[in-house]
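S.K.: I have a structure here, written as structure tokens, and I will follow up with some questions on it.
Number of protein chains: 2
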Amino acid sequence: MTRGFLDDATAAIDTPAVVIDIDRVMARIEKMGAFMRTRGIALRPHAKTHKSLEIGRRQIAAGAIGLTVATIGEAEVFAAGDIDDLFIAFPVIAVGPKAGRLRALAERCSLSVGADSVEGLEALSAAVRDAARRPRVVIEIDSGGARTGVRPERAGALARRASDLGLEVIGVFTHGGHGYGGSDARASAAIDEIEGLATAADSLRAEGVDPRVLSAGSTPTATLSAQAPVTEERPGTYVYGDRQQAAIADEPFEDAALMVAATVVSSGSGAGFVIDAGAKVLAKDVSSLLPGHGSILGYPDAAIDRVNDHHGVVSLVDGGPRPPIGTVVWIMPNHVCPVVNLVDEVVVASQGRVVDRWPVDARGRNG
Amino acid sequence: MTRGFLDDATAAIDTPAVVIDIDRVMARIEKMGAFMRTRGIALRPHAKTHKSLEIGRRQIAAGAIGLTVATIGEAEVFAAGDIDDLFIAFPVIAVGPKAGRLRALAERCSLSVGADSVEGLEALSAAVRDAARRPRVVIEIDSGGARTGVRPERAGALARRASDLGLEVIGVFTHGGHGYGGSDARASAAIDEIEGLATAADSLRAEGVDPRVLSAGSTPTATLSAQAPVTEERPGTYVYGDRQQAAIADEPFEDAALMVAATVVSSGSGAGFVIDAGAKVLAKDVSSLLPGHGSILGYPDAAIDRVNDHHGVVSLVDGGPRPPIGTVVWIMPNHVCPVVNLVDEVVVASQGRVVDRWPVDARGRNG
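Line order of the protein sequences matches chains S and P.
Numbering (the working numbering) for the first sequence: 1 to 367.
Numbering (the working numbering) for the second sequence: 368 to 734.
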């Protein structure tokens, strides 16, 4: 039977635990690095997936030009860990305590921040007005994800406003979040990213602003939109993989580089069993592509139907084998980002053995 | 307009933040304490909701006999904080590293643990065989929640097995989790708890085991099943309240003692707006009773349709007022337990001012 990342899991591991296979992680980092290098596209991985200095440094060593983060708090952690080139891919609103934090951050690292509103630009400009070193601005456009970002043709007007406020605009970015829906959605979201960024770049040029950076995001679209005029990609989840990404890419779940180790704690009330991994480690992300809350390695008939805080309730679809109480099972979660954000450290495995434990340095840095 | 827990939120708070109003918390703690005291029922609040020594101590001071926890890790934190009487309401499987941890824990506090299998009892017995002080056992029964627990009539056989293994059984417990479905479900789950515990108690007596503790759980059922022969209640969520509990109890959302403060960061792509509170602070719990991912105080027409890791995408159902970018809004989350587990500290407010910050001491202690 497939045994997960450790030779003798039961003795070695205190469940529930989030375990990464570092050899698989490095293979993923190097594969994405090589792909982008070949295409001549800058790689700026999104660090919200791993929130780890150890992983971030390995991504940089494998050719990434810097990291993407979601919050000022994440950027503070990576800057303190001497990762110098950071982009906050979020419409930062530098008001209240965030004004001073952003200013201090910009003075200690090479920082770019997202903006999609005049109000955001005005707050940013006020926050860094007399700073020794100021963040660059990247205008966010909506390429179909229907979340944040202005319409591509409006990017130029916003860039002009930023320039008028004394801010340096270096380009535009987007996240093709509508690519999380299977292979057709993925391909069409990648085209939307390319076309949206091209339109936005023209709109900047028309205002006299040079769009040096045309940055696309998301693991599903990263390899598909990595072509001119796009200059940069920001995939995050690729570093570990998860059940949803495997489904989107039509790859085996078993190739993930991160799994959750859990113990069978009860035979439950029906034909299934109950594990000690619930929503507080698997999170509650569901996917339209997949049933349940994760796949269990070696138990293809097992479905994690329900997760409460500390219980995962598993049914056995075709009455397949039922692991004895006390068995350690290995779960591929639906979405890896929130899982990592639930633990203080990841267990690092290599060739069947625990070789280290790494802190999730930026865990919980939500703002 | 209703302003949340702080008089001048924008200046005072760095969002997203989890904020409790300590006066409301204390009123909730005292109300539940008084209710159970009047009924002659022991109150053992579930600490997985708050994971806080400060809150746990206040619950004890208001008459709780001890705390309920979900994991050995949570129990370790509360025991280290000198809360002595702890019950792990979970089928503990004391294998691997957990064997030594459980033994050490039992030697430092007055500990009870749940069990619903022979395998669990055997592992427990082996783990604490020569311990100076051993945990008591409470047999878990399934009263309809279809999660963990044996059928009520089988509790006696398991208690007998525990006694044969040299373990002291003090009673039975259940969690009427099927009460999370509106007022009818709640009332019938409470009856199921009472009847299941009564049947299980009889089954223990038939095996010569005295069931001193008949313990029922869940905030929706706690006040309804607090009657003989039940001896103990273990509500958790009541301490803060949340949107789901308000819907179940038909109470106003606005009475919650915990809210998430978030900032409007974008006007988004449609008629709504986007906030900086996504799944990494609101979690992804949904409820069949409620649409979306939370209610926003003062914006009854706003629906949090979608939460990504760091974005909450809000629509305005009837085109109601749209808060300007930079506004701090106050959100009542669907389910409070996972929200608290996502942050390292809660901001403590009283009468409109920040008076303290308390660590979420047992955050992430999942195993």
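Every residue gets a Cβ at the ideal spot worked out from N, C-alpha and C, and that includes glycine.
Since the structure is predicted, the reported quantities are computational estimates derived from the model, not experimental observations.
Distance, Cα to Cα, P/G693 vs P/L373?
M.R.: Taking the straight line from one Cα to the other gives about 16 Å.
S.K.: What did DSSP end up calling P/H545 once you bin it into helix, strand or coil?
M.R.: In the structure shown, P/H545 sits in a helix (DSSP, three-state: H, G or I).
S.K.: Per DSSP, what are the beta-bridge partners of S/I296 in this structure?
M.R.: Beta-bridge pairing links S/I296 to S/I331.
S.K.: So that I know if they touch, is there some Cβ in chain S lying closer than 8 Å to that of P/N733?
M.R.: It does: the Cβ of P/N733 has a partner Cβ on chain S nearer than 8 Å.
S.K.: In chain P, which residues lie with their C-beta within 8 Å of the C-beta of S/V313?
M.R.: By Cβ distance, chain P contributes A513 and R514.
S.K.: Taking the alpha carbon of S/C337 as the reference point, which residue from S/D250, S/V360 and S/G171 has its own alpha carbon closest?
M.R.: Looking at the Cα atoms, S/V360 is the closest of the given residues.
S.K.: Can you tell me where the beta strand (DSSP E) holding S/E195 begins and where it ends?
M.R.: Here S/E195 belongs to no beta strand (DSSP E); instead the alpha helix (DSSP H) covers S183 to A206.
S.K.: Determine the direct distance from the alpha carbon of S/I296 to that of P/G543, and round the result to whole angstroms.
M.R.: Each residue's Cα considered, the two are about 27 Å apart.
S.K.: What does the alpha-carbon distance come out to for the pair P/V536 and P/R391?
M.R.: For P/V536 and P/R391, the distance between alpha carbons rounds to 37 Å.
S.K.: Is it buried or exposed for S/R3, if we count other Cβ within 10 angstroms and need 16 for buried?
M.R.: Label assigned to S/R3: exposed.
S.K.: Out of S/L43, S/H335, S/G66 and S/A262, which one is the CA nearest neighbour of S/L290?
M.R.: Considering only alpha carbons, the answer is S/H335.
S.K.: Which chain S residues sit within Cβ distance under 8 Å of P/H677?
M.R.: Those are K48, A70, T71, F90 and N366, listed as they occur along chain S.
S.K.: Considering only residues of the segment 597-643 of chain P, which uninterrupted beta strand (DSSP E) runs meet the minimum length of 3 residues and lie entirely inside it, listed in chain order?
M.R.: The qualifying runs are 599-601, 625-633 and 640-642.
S.K.: Which class does P/P458 belong to by DSSP, given the choice of helix, strand or coil?
M.R.: P/P458: strand per DSSP, three-state reduction.
S.K.: So which residues on chain P does S/N334 lean against when the C-beta distance must stay under 8 Å?
M.R.: None at all; the shortest Cβ gap to chain P is about 10 Å.
S.K.: Determine whether the Cβ of S/V128 lies closer than 8 Å to any Cβ atom of chain P.
M.R.: Answer no: the Cβ-Cβ gap between S/V128 and chain P never drops below 8 Å.
S.K.: Just to make sure I have the definition right: I need the residues of chain S whose C-beta is within less than 8 Å of the C-beta of P/P602. Which are they?
M.R.: Residues of chain S passing the Cβ test: none, with the nearest at roughly 14 Å.
S.K.: Closer than 8 Å, CB to CB, is S/G352 near chain P or not?
M.R.: It does not: the Cβ of S/G352 has no partner Cβ on chain P nearer than 8 Å.
S.K.: Using 8 Å as the cut-off, can you tell me whether the segment 667-682 of chain P makes contact with the segment 346-360 of chain S, which would need three or more C-beta pairs spanning the two stretches below that distance?
M.R.: Segments in contact, no.
S.K.: Tell me which residues share the same chain as P/A490 and place their Cβ nearer than 6 Å to its Cβ, disregarding the 5 neighbours each side in the sequence.
M.R.: Within the same chain, P/A490 has close Cβ partners I460, A461 and V462.
S.K.: Checking contacts by CB at 8 Å: is P/T382 closer than that to chain S?
M.R.: Chain S, which has a Cβ nearer than 8 Å to the Cβ of P/T382, makes this yes.
S.K.: Answer with buried or exposed for P/S582, where buried requires no fewer than 16 other C-beta atoms within 10 angstroms of its C-beta.
M.R.: Buried is the call here.
S.K.: What residues match up with P/E507 in a beta bridge as DSSP calls it?
M.R.: In the DSSP output, where bridge partners are listed per residue, P/E507 has P/F540.
S.K.: In chain order, what residues of the same chain lie with their CB nearer than 7 Å to the CB of P/T604, ignoring the 5 residues before and after it?
M.R.: Correct list, in chain order: T416, T586, Q612, V703 and C704.
S.K.: Closer than 8 Å, CB to CB, is S/G343 near chain P or not?
M.R.: A quick correction: the sequence has Val, not Gly, at residue 343 of chain S. Closer than 8 Å: yes.
S.K.: Sorted by chain position, which residues of the same chain lie with C-beta nearer than 7 Å to P/D723's C-beta, five sequence neighbours on each side aside?
M.R.: Closer than 7 Å at the Cβ level, and outside the excluded window around P/D723, lie V715.
S.K.: Of the choices P/A447, P/I396 and P/I642, whose alpha-carbon is the least far from that of P/H677?
M.R.: Taking only the C-alpha atoms, the option nearest P/H677 is P/I642.
S.K.: Would you verify that the beta carbon of P/E574 is, or is not, closer than 8 Å to some beta carbon of chain S?
M.R.: No, because no Cβ of chain S sits closer than 8 Å to the Cβ of P/E574.
S.K.: Using the beta-carbon of each residue, which ones in chain S are nearer than 7 Å to P/D643?
M.R.: Going along chain S in sequence order, the residues near P/D643 (Cβ under 7 Å) are G367.
S.K.: Alpha carbon to alpha carbon, how far is P/A557 from P/D531?
M.R.: Cα to Cα, the separation comes out at about 32 Å.
S.K.: S/G196 and S/P152 - do their beta-carbons sit closer together than 8 Å?
M.R.: Yes.
S.K.: Just list the beta strand (DSSP E) runs in the segment 423-454 of chain P, keeping only unbroken ones of 3 residues or longer that don't cross its boundaries, in chain order.
M.R.: Runs found: 434-436.
S.K.: Can you pull the chain P residues whose beta carbon is under 7 Å from the beta carbon of S/K284, in chain order?
M.R.: In chain order: A650, K651 and D652.
S.K.: Determine the contact status of P/I561 and P/V539, defining contact as a CB-CB distance below 8 Å.
M.R.: Contact flag unset, no.
S.K.: In three-state terms, what does DSSP make of S/D344?
M.R.: If DSSP states are grouped into helix, strand and coil, S/D344 belongs with coil.
S.K.: Just reading off the alpha helix (DSSP H) that P/P587 is part of, what are its end residues?
M.R.: Per DSSP, P/P587 belongs to the alpha helix (DSSP H) from T586 to A589.
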